[in-house]
Every structure is written in C-alpha cells, then in structure tokens.
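Everything in the sequence shown is counted per the working numbering, starting at 13 for the first residue and increasing by one.
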Amino acid sequence: MTENYLIARPYAKAIFALALADNKLHEWSEMLNVLAYVARNVYVKKVLVDPRVNLQQRASLFIDICAQITDEKQINFLKVLATHRRLAILPVIAECYEQLCNKHENIVKLKIISAMPLPNEQQEKLQQCLQKRIGTKIVAQYKCDQSLIGGIVIRIDDRIIDGSIRGKLQRLEKYIVG
13 MTENYLIARP YAKAIFALAL ADNKLHEWSE MLNVLAYVAR NVYVKKVLVD
63 PRVNLQQRAS LFIDICAQIT DEKQINFLKV LATHRRLAIL PVIAECYEQL
113 CNKHENIVKL KIISAMPLPN EQQEKLQQCL QKRIGTKIVA QYKCDQSLIG
163 GIVIRIDDRI IDGSIRGKLQ RLEKYIVG
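In structure tokens form, the structure reads like this:
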C-alpha cells in the first residue's frame with residue numbers, strides 16, 4: 013500500500029495545483045470521490061486488469077460511468093491515468109488529494125475511539141476542546157472499541173493519544189516488568 017501512496021502522491025499534488033489555480037477544489041474532490049468509488053467496484057477491478065481491454069477503453073469506461081465529467085482537464089486526467097496504467101490507484105489518489113485539501117483549508121481529520129458510544133453533547137465538548145488545543149478546525153470520526161475498557165484514544169494522522177484504561181494498564185505492566 014505504501015508503494016501506491018508513493019505513486020499516487022505526485023498525481024494528487026498535480027491535480028491539487030491545477031484545481032487551486034482554477035478555483036475548483038470542491039469539483040475535483042467530488043469527481044475523485046466518485047471515481048474512487050467506481051475503482052473499488054469488484055467488476056471494474058476485473059476490467060482494469062483484463063488484457064483484452066485496451067487503455068483507451070479503460071479511460072472511456074470511467075468517463076462513461078461518471079457522466080458528470082465534462083471538464084476537459086478531468087477527462088485528460090483520466091486519459092493520463094489510463095495511459096500510465098494508474099486507474100486502479102484512483103482511491104489512493106483521491107485520499108492524497110483530500111489530505112492536501114484539508115491541509116490547505118487548515119482542517120485536521122482525526123479518529124476518536126471510545127469504550128462506549130459518546131453522547132452528542134460529550135462529542136461536541138471533546139471536539140471544542142481538541143479544536144482549541146490543536147488550533148485548527150477538526151473533523152472527527154467516532155468509533156467504539158470495548159477492549160479499551162474505559163477512556164478514549166485519539167488518532168491524529170500518525171500520532172496517537174492514548175487515554176484508555178487498557179493503555180494505562182499496558183504502560184503500568186511495562187513499568188513493573190521493566
């Protein structure tokens with residue numbers, strides 16, 4: 013998967029620069045999300061690796077499925093991906109593009125994992141506190157994991173803030189064992 017990110021990142025950066033210059037960040041984001049959804053389809057994946065389907069047909073498949081694609085730059089983008097046999101990594105390109113957009117708009121996406129579902133008012137308080145602490149707008153995704161026993165774990169990109177009872181017990185065990 014890391015290799016796909018290395019391949020996808022330059023495409024995402026190029027699209028981002030183009031979209032930013034044209035003031036069409038949102039339009040490109042929507043288009044990439046639709047294309048990523050299509051590229052994840054089992055049947056489409058089979059077509060992408062079928063040697064009987066030529067590169068032009070693969071690009072046409074995406075253009076036909078996504079009828080909303082009328083922008084010449086977006087069509088050319090699909091043709092470039094098809095020519096370089098990169099249509100299969102569209103989901104990764106979309107993810108990289110979204111990260112670039114979030115960074116540009118000063119938005120941090122994070123995951124909050126709790127032992128039990130958090131009530132809405134607690135979610136809002138937590139988000140406000142994190143927003144104040146981080147200093148940027150945040151978009152939180154909530155998830156439950158009963159193995160935490162209690163408390164929460166917050167994942168921000170590659171950072172983890174572990175405030176769970178399970179985490180505290182693991183740290184205590186390491187301290188005692190040595």
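Beta carbons are placed, not taken as given, at the ideal position from N, Cα and C, and that holds for glycine. None of the values given here were measured: they were computed from a predicted structure.
Under the rule that 16 or more other beta-carbon atoms within 10 Å means buried, what is R70, buried or exposed?
buried
Let me know if I188 comes out buried or exposed under the rule of 16 or more other beta-carbons within 10 Å of its beta-carbon.
exposed
How many Å lie between L122 and Q153 at the Cα?
6 Å
Is it buried or exposed for I146, if we count other Cβ within 10 angstroms and need 16 for buried?
Burial is judged here by how many other beta carbons sit within 10 angstroms of a residue's own beta carbon; I146 has fewer than 16 and is exposed.
Which two residues bound the contiguous alpha helix (DSSP H) that contains I27?
T14 to D34
Going straight from the alpha carbon of V56 to that of V50, what length do you get?
7 Å
Determine the DSSP secondary structure at L122, reduced to helix, strand or coil.
strand
Kindly list the residues whose CB is nearer than 6 Å to the CB of V65, restricted to its own chain and excluding five residues on each side of it in sequence; keep chain order.
V59
Could you name each continuous beta strand (DSSP E) segment of 3 residues or more that falls completely within the region 135-178, going from the start of the chain to the end?
149-156, 164-168 and 171-174
Over the uninterrupted alpha helix (DSSP H) stretch that includes E39, give me the two end residues.
L37 to R52
Given a threshold of 16 other Cβ atoms within 10 Å of its Cβ, counted over all protein chains shown, does A94 qualify as buried or as exposed?
Buried, since its Cβ has 16 or more Cβ neighbours within 10 Å.
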